[in-house]
Amino acid sequence: MILTSDYDYYLPEELIAQTPLKNRSESRLMVLNRKNLTIEHKHFADIIDSLSNNDVLVLNDTKVIPARLIGNKVDTNAVIEILLLKDLGDNVWETLARPQKRVKIGSIISFGDGILKAECIEKEDMGICKFKLIYEGILVEILDKLGEMPLPPYIHEKLADKDRYQTVYAKNPGSAAAPTAGLHFTPELLKKIEEKGVEIIYITLHVGLGTFRPVEEEDLTNHVMHEEYYEIKEYAAKRLNEAKRNGKRIVAVGTTTTRTLESAYDNGFKKTCANTNIFIYPGYKFKAIDALITNFHLPKSTLIMLVSAFANKDFILKAYEEAVNNKYRFFSFGDAMFIE
169 MILTSDYDYY LPEELIAQTP LKNRSESRLM VLNRKNLTIE HKHFADIIDS
219 LSNNDVLVLN DTKVIPARLI GNKVDTNAVI EILLLKDLGD NVWETLARPQ
269 KRVKIGSIIS FGDGILKAEC IEKEDMGICK FKLIYEGILV EILDKLGEMP
319 LPPYIHEKLA DKDRYQTVYA KNPGSAAAPT AGLHFTPELL KKIEEKGVEI
369 IYITLHVGLG TFRPVEEEDL TNHVMHEEYY EIKEYAAKRL NEAKRNGKRI
419 VAVGTTTTRT LESAYDNGFK KTCANTNIFI YPGYKFKAID ALITNFHLPK
469 STLIMLVSAF ANKDFILKAY EEAVNNKYRF FSFGDAMFIE
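Numbering (this note's numbering) for the sequence shown: 169 to 508.
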């Protein structure tokens with residue numbers, strides 16, 4: 169049995185970053201060497217010193233949509249909040265609904281005086297409901313008008329600039345949360361990285377419940393990940409395969425990029441549109457990636473388990489303890505680590 173509690177650690181609440189830094193790349197960077205078990209303290213802009221022309225940097229270009237909607241039940245006027253998780257096609261969305269007990273199959277929720285309506289067509293466990301969206305016009309524009317950015321529950325400050333919960337390279341709308349390891353990059357830093365000879369490749373994974381749902385099983389091997397949609401375009405697969413053939417180092421930016429690459433790799437990459445529920449925890453043998461840029465993750469989360477699989481649980485927990493002692497900023501708007 170692998171205990172979920174083995175991935176717990178002490179974190180003072182004041183270290184949970186509530187707002188992004190003024191300059192994205194001024195966040196701190198902890199550099200971990202898996203072979204020598206060394207830890208260095210730098211700033212994110214110094215990531216360029218850890219990269220060379222033998223590296224390929226892989227980024228997740230998903231874009232967060234204003235997926236949080238607050239409306240009223242048409243029959244009772246009860247306030248219902250839904251979080252759009254996944255587009256299932258034909259205007260049907262998988263969502264988290266609160267309070268779910270107030271929602272019945274056939275319930276209609278109205279948003280923005282009826283500009284958007286949602287009819288519940290299916291209910292599942294854990295707050296999940298499927299809604300058919302009813303509207304006229306373009307959904308993305310309606311969400312921009314009615315929706316809110318779905319900030320994680322541990323962020324209590326209002327976000328002054330909603331673009332700060334997007335990476336600077338966000339392109340494909342569909343995520344219910346940001347791929348936060350990428351929030352540290354600026355256009356200037358990416359340009360410098362390319363000028364150093366590092367190839368940059370973009371893939372897409374729309375972040376949903378799989379990434380942020382907590383592990384509630386005592387034995388983590390019983391946890392079932394929720395499926396998330398990913399896409400690797402033909403040019404990206406070709407470039408990744410070429411990099412592998414040439415012995416280049418694949419540097420994944422974030423756990424979402426890691427899960428995409430590990431899901432898609434089967435003696436090489438190919439053009440893929442699919443869903444993944446891959447759950448990576450210690451014992452997993454990595455096939456696709458060689459280094460990882462990531463943020464500091466919640467205790468007992470699937471993300472700290474993934475990072476522990478990549479580096480070694482005791483080393484990671486030691487690094488987290490050092491981060492706490494050095495007052496690093498944690499979670500979505502917090503600092504980063506580079507594991508090589």
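We put the CB at the ideal spot given by N, CA and C, even for glycine.
- Bridge partners of H465 according to DSSP: none are assigned.
- The three-state secondary structure of I215, taken from DSSP, is helix.
- Looking at V232, F478, P450, the one whose alpha-carbon comes closest to that of T348 is V232.
- Comparing alpha carbon positions, the residue from L358, N480, A504, F483 closest to V226 is L358.
- Under DSSP, R417 takes part in a beta bridge, and its partners are D223.
- H394 has its alpha-carbon roughly 14 angstroms from the corresponding atom of E385.
- Annotated as distal: G350 and G239, with beta-carbon spacing of 8 angstroms or more.
- In the three-state reduction of the DSSP assignment, N340 falls in the strand class, which pools E and B.
- By the 16-neighbour rule on beta-carbons within 10 angstroms, K339 is exposed.
- Just so you know, the alpha carbons of I418 and T354 end up roughly 20 angstroms apart.
- Inside the stretch 371-410, DSSP marks whole beta strand (DSSP E) runs of 3 or more residues at positions 396-400, from first to last along the chain.
- Taking a 10 Å sphere around the C-beta of C441, we find fewer than 16 other C-beta atoms and assign the residue as exposed.
- Contact between L251 and F279 does not hold, since the beta-carbon distance rounds to 13 angstroms and is not under 8 angstroms.
- In terms of CA proximity to T379, S500 leads the group N201, S500, K412, I306.
- Taking the CA atoms as reference points, L408 sits about 9 angstroms from K438.
- In the DSSP assignment, K298 falls within the beta strand (DSSP E) that extends over 296-303.
- In this model, A411 and E430 are separated by some 15 angstroms (Cα to Cα).
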